[in-house]
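Residue numbers (my numbering): 1 to 408. Note that beta-carbon positions come from the ideal geometry of N, C-alpha and C, so glycine has one too.
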């Protein structure tokens with residue numbers, strides 16, 4: 001920890017190329033983490049529903065258990081990043097990702113005992129969720145600590161590029177591995193990648209632990225609550241696509257369901273690369289309002305899709321719209337707390353993403369059982385439209401507060 005304090009005192013101004021290097025090289029560890037998440041993402045619902053013979057609700061639960069674990073571990077991850085350093089949080093998170101791969105590998109050997117295989121699988125998802133919270137919060141805080149708070153939006157944006165780029169690559173890769181060698185190959189790949197990421201992260205220099213009073217997590221949570229609720233409503237669309245797009249395609253007897261996830265991720269990354277600067281130019285609230293609207297249109301298109309082409313268009317628009325929501329509202333949320341509580345603010349804000357993804361799987365499973373797969377996307381579109389209304393309200397309050405603060 002003393003090494004990290006010296007780094008803070010001696011940090012020279014960084015050139016633009018150095019800023020970009022530190023941002024991208026730190027976001028790389030998020031990329032590794034989300035490869036570990038993405039590789040089994042399109043495989044597990046089918047494995048639980050078809051191979052093990054469980055219901056669509058349990059198939060959704062197998063995905064959502066990870067998000068629930070991430071939700072519960074966010075306070076610990078944020079406090080860890082603030083108190084002992086974000087590098088430590090990232091290292092511990094990557095260890096968790098590797099252990100989750102081992103559980104996948106073990107679960108594959110007990111397919112003939114469905115209850116045991118599912119139990120092992122769910123334990124692995126819990127461990128993966130804890131790993132995700134530590135890497136996700138730690139990597140952003142690590143990057144901001146190295147390049148400065150003025151680059152918060154860029155760091156969050158690149159972290160998201162790493163996240164959904166990894167999902168775009170991981171989903172079809174996982175399908176290929178599962179078809180060729182089974183679930184065991186998926187687990188082995190996750191383990192090897194996570195261990196490699198851990199070894200590389202050990203080589204990167206730590207950043208400073210910012211000294212000062214650490215606000216109670218509950219107080220930080222209250223500060224970012226409206227922003228987090230907007231994020232949660234917008235995240236339902238992603239959760240619905242991630243959990244049920246493969247079964248949605250299967251219900252229509254359409255091929256290449258994993259490609260919808262790839263297209264979602266590709267348009268997400270493209271929007272982050274091309275339009276991340278709009279957050280600093282127009283403000284987080286205004287960017288969020290536009291993005292929620294685009295996401296809602298994409299989800300409505302998925303709801304009404306009568307062919308794979310329109311389903312792909314819907315997935316692409318949803319990814320494009322969802323792309324800037326996290327950094328746009330995140331910048332507004334992080335600015336509400338002092339620098340030494342940055343990790344806690346990111347953790348508290350991300351709790352709402354985890355909560356949304358955690359409840360989306362089982363809730364969407366219930367919708368499927370009563371109405372069908374298409375109606376899941378109508379539900380998600382309604383949530384996105386509610387997020388538009390909420391963000392407009394936050395923006396108006398922000399404008400009113402700014403006007404009141406100006407003298408005369």
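- Non-local beta-carbon contacts of residue 124 in its own chain, meaning distances under 6 Å to residues more than five positions away in sequence, involve 100, 103, 104 in chain order.
- Taking C-beta atoms as the reference points, residue 154 and residue 207 fail to come closer than 7 Å.
- Collapsing the DSSP output to three states places residue 112 in coil.
- Using a Cβ distance threshold of 7 Å, residue 288 and residue 328 count as a contacting pair.
- With fewer than 16 neighbouring CB atoms inside 10 Å of its own CB, residue 219 falls in the exposed class.
- In this chain, the alpha helix (DSSP H) harbouring residue 82 covers 56 to 83.
- Counting only residues of its own chain and dropping the five nearest sequence neighbours on each side, residue 366 has a CB closer than 8 Å to the CB of 57.
- Contact between the stretch 349 to 369 and the stretch 190 to 207 is absent: fewer than 3 CB-CB pairs across the two stretches fall below 8 Å.
- The alpha-carbon of residue 247 is positioned some 44 Å away from that of residue 18.
- Residue 341: not part of any alpha helix (DSSP H); DSSP gives it neither H nor E.
- Residue environment: residue 113 is assigned as exposed (fewer than 16 neighbouring CB atoms within 10 Å of its CB, all protein chains considered).
- Within its own chain, the residues whose Cβ lies closer than 6 Å to the Cβ of residue 110, once the five positions on either side in sequence are excluded, are 116, 117, listed in chain order.
- For residue 330, the uninterrupted alpha helix (DSSP H) run begins and ends at 325 to 334, by DSSP.
- In the three-state DSSP reduction, residue 349 falls in the helix class (H, G or I).
- A contact is defined here as three or more CB-CB pairs under 8 Å, and the stretch 130 to 149 fails this definition with respect to the stretch 221 to 240.
- The straight-line gap separating the alpha-carbon atoms of residue 321 and residue 266 is approximately 12 Å.
- Residue 222 counts as exposed, since fewer than 16 other beta carbons sit within 10 angstroms of its beta carbon.
- The beta carbons of residue 198 and residue 94 sit closer together than 7 Å.
- In the same chain as residue 381, and ignoring 5 residues on each side of it, the C-beta atoms closer than 6 Å to its own belong to 296, 299, 300, in chain order.
- In the three-state scheme derived from DSSP, where H, G and I count as helix and E and B as strand, residue 150 is classed as helix.
- Following the DSSP letters along the chain, one finds residue 22 inside the alpha helix (DSSP H) bounded by residues 16 to 38.
- The beta carbon of residue 67 sits closer than 6 Å to those of 354, 357, 358, all from its chain and outside the five residues before and after it, given in chain order.
- Contact between residue 374 and residue 162 fails: their C-beta atoms lie close to 31 Å from each other, not under 8 Å.
- A contact is defined here as three or more CB-CB pairs under 8 Å, and the stretch 75 to 87 meets this definition with respect to the stretch 335 to 348.
- In this structure, the beta-carbon distance from residue 160 to residue 74 does not fall below 7 Å.
- Around the CB of residue 92, 16 or more other CB atoms lie within 10 Å, so the residue is classed as buried.
- In the structure shown, residue 255 adopts coil according to DSSP, grouped into three states.
- Excluding its 5 nearest sequence neighbours in each direction, residue 22 has C-beta neighbours in its own chain below 8 Å: 14, 143, 146, 147, listed in chain order.
- Restricting attention to 30, 70, 47, 157, the CA atom closest to the CA of residue 86 is found in 30.
- Distance between residue 378 and residue 303, taken at the CA atoms: about 6 Å.
- Around the CB of residue 389, fewer than 16 other CB atoms lie within 10 Å, so the residue is classed as exposed.
- The beta carbon of residue 252 sits closer than 7 Å to none of the beta carbons in its chain outside the five residues before and after it.
- Cβ neighbours of residue 157 within its own chain (closer than 7 Å, five residues either side excluded): 272, 276, 327.
- Taking a 10 Å sphere around the C-beta of residue 149, we find fewer than 16 other C-beta atoms and assign the residue as exposed.
- In this structure, the alpha-carbon of residue 332 lies about 14 Å from that of residue 402.
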